[in-house]
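Asker: In the numbering used here, the protein residues as written are 338 to 787.
Below you will find the structure I want to go over with you.
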Amino acid sequence: MTKTETINFTQGPIRKQLLRLAAPIVATSFVQMAYNFTDMAWLGRLGSREVAAVGVIGVLLWIATSIAQLTKTSAEVCVSQSLGARDKPLAIKYARHCTTWALIVGTLLALVYLLFGSPIVGIYNLEADVHHMALSYLRIVLIGLPGYFLTLSMSGIYNAHGRSMTPFKINSLGLLLNMILDPLLIFVCHLGVVGAAFATLLSQLAVCAILYYRMQHQDKILEGGSIVTKLARDQSRRIFAIGVPVVLLNSLFALISIFMGRLASEQGGAIGVAVMTTGGQLEGVTWNACQGFCTALATFVGHNYAARQFDRVWRGYRTTIFMTLSIGLFGTLLFLFLGEAFFALIVPDPETYIEGGRYLYIASFSQLFIMTEITTQGLFYGVGRSNTPAVISIVGNLLRIPLALLLIYLGWGLPAVWWAISLSSIGKGITAIIVLLIKRNKLTPMSLVA
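What follows is the structure, given as structure tokens:
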């Protein structure tokens, strides 16, 4: 395949195409996850207070990543549908709009976090020194937030072209740089949490710069056009119509996690926060893998939906959900039988990893249902109907709060938070399948918005 070619998803073996597209996306998700693991693994050698500080900011960065899905998901859907309809100029127009909006939204969010970071972190009621460490970490990584948004948008553009290997390779270089800088800045330079922040910042800026150079000067994805363009109403409206439900879904999920983190802090102190933030990242072993297949399915469906190859749309969904359920089964067995040992690899403090093992044990019961929900999201995204999975996810996540409060009232303590998360995930997975069966015949063709 030459540098300017795009994979044709409207014909050929479905499983092979999905795996070819999904594998680098899954690997890229793990690379992104490894950034946090690298920080946590090194900071875990300093103590649970440092882990809690970075973990709290990890939730804020999770919200940032959720908001960045506005342009990443829109790029994957709008660009892939345009390519499926054989309209390359429209695909380029959508791509440039996505990169422009990525820079705008990333800059605005960085300013919001800079102005309101302290009261947001204060929600967790952390000790004064932990609060200060968290703010120090946040203020440094905010410098690179617009570039991080741009990186995700460019990755979405590559994914839409079926060329997911490029973002994977470049993100892997960033991870390697982060792995070198972390111990150097944290321990050799004695910077602690600040060192971890600078390691993450420098690595992410390097990834953004390399990916930009590759897209503009080597692959020429935009065919000479700038990544910043004059915004048109039609393209912007389409981007926000696709992206906003995804942003709401993921952002509210993260905000609810902040509240759940507050409950974990009340029930278990710094250990409760450390277990929830680190445990959520460890659970990402399965969650991120499935998200990669969700992205691949959305791209595959986008191409075939625009080309009116509806039989391939449903065959692609069935193939994908078989693969993601296999991932979910692996996660179920891993967390059920080796959860404590797995947690101890990141945080060696006995009190923390024992509670972490309990978190993963409870999470094991919901893994197959999480895979079902996320895979179904990919199908709806691909046909441009992001509202439906957003409603399912938002309602299910909101139910975590009263459920956790009820279980705490009943005397379950810290595990009440873990059970509320797991039970709500089970409910969302069941609901996603029921809604899909009801709406299947209503997923009729809709014209692309030019």
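Glycine included, every Cβ here is placed at the ideal spot set by N, Cα and C.
These figures come from a predicted structure and were not determined experimentally.
Work out the CA separation of L420 and N345 for me, nearest whole Å.
Answerer: Here residue 345 corresponds to residue number 8 of the sequence shown, with the count starting at 1. Here residue 420 corresponds to residue number 83 of the sequence shown, with the count starting at 1. Straight-line Cα distance between these residues: approximately 9 Å.
Asker: Measuring alpha carbon to alpha carbon, tell me which residue in E387, V414, I404 is nearest L463.
Answerer: If you number the sequence shown from 1, residue 463 lands on position 126. It is E387.
Asker: Assuming M377 and V391 form a contact by the criterion Cβ under 8 Å, report the distance between their Cβ atoms to the nearest whole angstrom.
Answerer: Here residue 377 corresponds to residue number 40 of the sequence shown, with the count starting at 1. Here residue 391 corresponds to residue number 54 of the sequence shown, with the count starting at 1. Contact holds; Cβ gap of about 7 Å.
Asker: In terms of residues, what are the limits of the alpha helix (DSSP H) holding M708?
Answerer: Counting from 1 along the sequence shown, the entry for residue 708 is found at position 371. Segment 704-719, the alpha helix (DSSP H) holding M708.
Asker: Please confirm whether Y698 and L682 have their CB atoms less than 9 Å apart.
Answerer: In the sequence shown, the residue the question calls residue 698 occupies position 361. In the sequence shown, the residue the question calls residue 682 occupies position 345. Contact check for Y698 against L682 fails: the beta carbons are separated by 9 Å or more.
Asker: In three-state DSSP terms, what is C526?
Answerer: As a working note, residue 526 is residue 189 in the sequence shown. Residue state, collapsed to three classes: coil.
Asker: Using 8 Å as the threshold, is the region 656-666 in touch with the region 630-648, meaning 3 or more CB pairs across them?
Answerer: yes
Asker: Going by beta carbon distance, what residues of the same chain come within less than 6 Å of T768, once the five residues before and after it are set aside?
Answerer: Taking the first residue of the sequence shown as 1, we reach residue 768 at position 431. I729.
Asker: Less than 8 Å separating the Cβ of R655 from some heavy atom of the ligand GTP?
Answerer: Although the ligand GTP was asked about, the structure shown includes no ligands whatsoever.
Asker: Counting only runs that start and end within the region 643-715, where is the alpha helix (DSSP H) found for 4 or more residues in a row?
Answerer: 647-681, 687-701
Asker: How would you label I771, buried or exposed, when you count the other beta carbons within 10 angstroms and need 16 or more for buried?
Answerer: In the sequence shown, residue 771 corresponds to position 434, counting from 1. Residue environment analysis places I771 among the exposed positions, since fewer than 16 neighbouring C-beta atoms fall within 10 angstroms of its C-beta.
Asker: Suppose only complete runs of 4+ residues qualify. What are the alpha helix (DSSP H) ranges in the region 496-581, listed by chain order?
Answerer: 502-520, 530-550
Asker: Roughly how many angstroms separate the alpha carbons of P426 and V416, rounded to a whole number?
Answerer: Taking the sequence shown and counting its residues from 1, one reaches residue 426 at position 89. Taking the sequence shown and counting its residues from 1, one reaches residue 416 at position 79. Computed Cα separation, rounded: 10 Å.
Asker: Whole angstroms are fine: how far does the CA of T410 sit from the CA of A497?
Answerer: As a working mapping, residue 497 is identified with position 160 in the sequence shown. As a working mapping, residue 410 is identified with position 73 in the sequence shown. Each residue's alpha carbon lies about 9 Å from the other.
Asker: Of all the options I457, L383, V449, which has the alpha carbon lying nearest to the alpha carbon of G529?
Answerer: The residue labelled residue 529 in the question sits at position 192 within the sequence shown. Ranking the options by Cα distance to G529, first place goes to L383.
Asker: Per DSSP, what kind of secondary structure is D466 in: helix, strand or coil?
Answerer: What you label residue 466 is simply residue 129 of the sequence shown in a count that begins at 1. Three-state result, D466: helix.
Asker: Measuring only the C-alpha atoms, how far is F486 from Y461?
Answerer: Within the sequence shown, the letter at position 149 stands for residue 486. Within the sequence shown, the letter at position 124 stands for residue 461. Rounded to whole angstroms, F486 to Y461 spans 26 Å at the Cα level.
Asker: Which of the three DSSP states, helix, strand or coil, is assigned to F346?
Answerer: Indexing the sequence shown from 1 puts residue 346 at position 9. It is coil, neither helix nor strand.
Asker: Check for me: the alpha helix (DSSP H) holding S419 runs from which residue to which?
Answerer: In the sequence shown, counting from the first residue as 1, residue 419 sits at position 82. Residues 417-421.
Asker: Let me see if you follow: with CB-CB separation under 9 Å, is A371 close to chain D or not?
Answerer: Checking the listed chains, one finds no chain D in this structure; it contains a single protein chain.
Asker: Suppose only complete runs of 4+ residues qualify. What are the alpha helix (DSSP H) ranges in the region 351-384, listed by chain order?
Answerer: 351-380
Asker: Is the CB-CB distance between A471 and L514 below 9 Å?
Answerer: The count along the sequence shown starts at 1 and reaches residue 471 at position 134. The count along the sequence shown starts at 1 and reaches residue 514 at position 177. No, the pair does not count as a contact, with Cβ atoms beyond the cut-off.
Asker: For W379 and A533, which I take to be in contact (beta-carbon distance under 8 Å), what is that distance rounded to the nearest angstrom?
Answerer: Position 42 of the sequence shown, counting from 1, holds the residue named residue 379. Position 196 of the sequence shown, counting from 1, holds the residue named residue 533. With a Cβ gap of about 7 Å, W379 and A533 count as contacting.
Asker: Can you look up L747 in the DSSP assignment and give me helix, strand or coil?
Answerer: Against the sequence shown, residue 747 aligns to sequence position 410. Three-state DSSP puts L747 in coil, outside helix and strand.
Asker: Can you say whether N641 is buried or exposed, counting buried as having 16 or more other CB atoms within 10 angstroms of its CB?
Answerer: Working through the sequence shown from its first residue, we reach residue 641 at position 304. It counts as buried.
Asker: Would the region 426-438 and the region 609-629 be scored as touching if the rule is three or more Cβ pairs under 8 Å?
Answerer: Judged by Cβ distances under 8 Å, the region 426-438 makes no contact with the region 609-629, as fewer than three pairs qualify.
Asker: Between the Cα of R551 and the Cα atoms of L355, S473, R652, M491, which residue gives the shortest distance?
Answerer: Against the sequence shown, residue 551 aligns to sequence position 214. It is M491 whose Cα lies nearest to the Cα of R551.
Asker: Is it a yes or a no for the region 400-408 touching the region 580-589, going by three-plus beta-carbon pairs under 8 Å?
Answerer: yes
Asker: Hey, would you say E603 sits closer than 9 Å to A700, going by beta carbons?
Answerer: The residue labelled residue 603 in the question sits at position 266 within the sequence shown. The residue labelled residue 700 in the question sits at position 363 within the sequence shown. Contact flag unset, no.
Asker: Can you check which of these residues, F367, G499, D648, T347, is closest to Q628 by C-alpha distance?
Answerer: Here the question's residue 628 lines up with position 291 in the sequence shown. For the residues F367, G499, D648, T347, the minimum Cα distance to Q628 belongs to F367.
Asker: DSSP three-state label for S723, please.
Answerer: Residue numbering aside, residue 723 sits at position 386 when the sequence shown is read from its first letter. S723: coil per DSSP, three-state reduction.
Asker: What residues in its chain sit with their C-beta under 8 Å from that of P520, if we drop five residues either side in the sequence?
Answerer: As a working note, residue 520 is residue 183 in the sequence shown. Excluding residues within five positions, the ones whose Cβ falls inside 8 Å are W379.
Asker: Please tell me whether A757 and L740 are closer than 9 Å, where the distance is taken between their beta carbons.
Answerer: Sequence index remark: in the sequence shown, residue 757 carries index 420 (1-based). Sequence index remark: in the sequence shown, residue 740 carries index 403 (1-based). A757 places its beta carbon less than 9 Å from that of L740.
Asker: Can you list, in chain order, the residues of its chain whose CB lies under 6 Å from that of V467, leaving out five sequence neighbours each side?
Answerer: Counted from its first residue, the sequence shown places residue 467 at position 130. Contacts found: R386, A389, A390.
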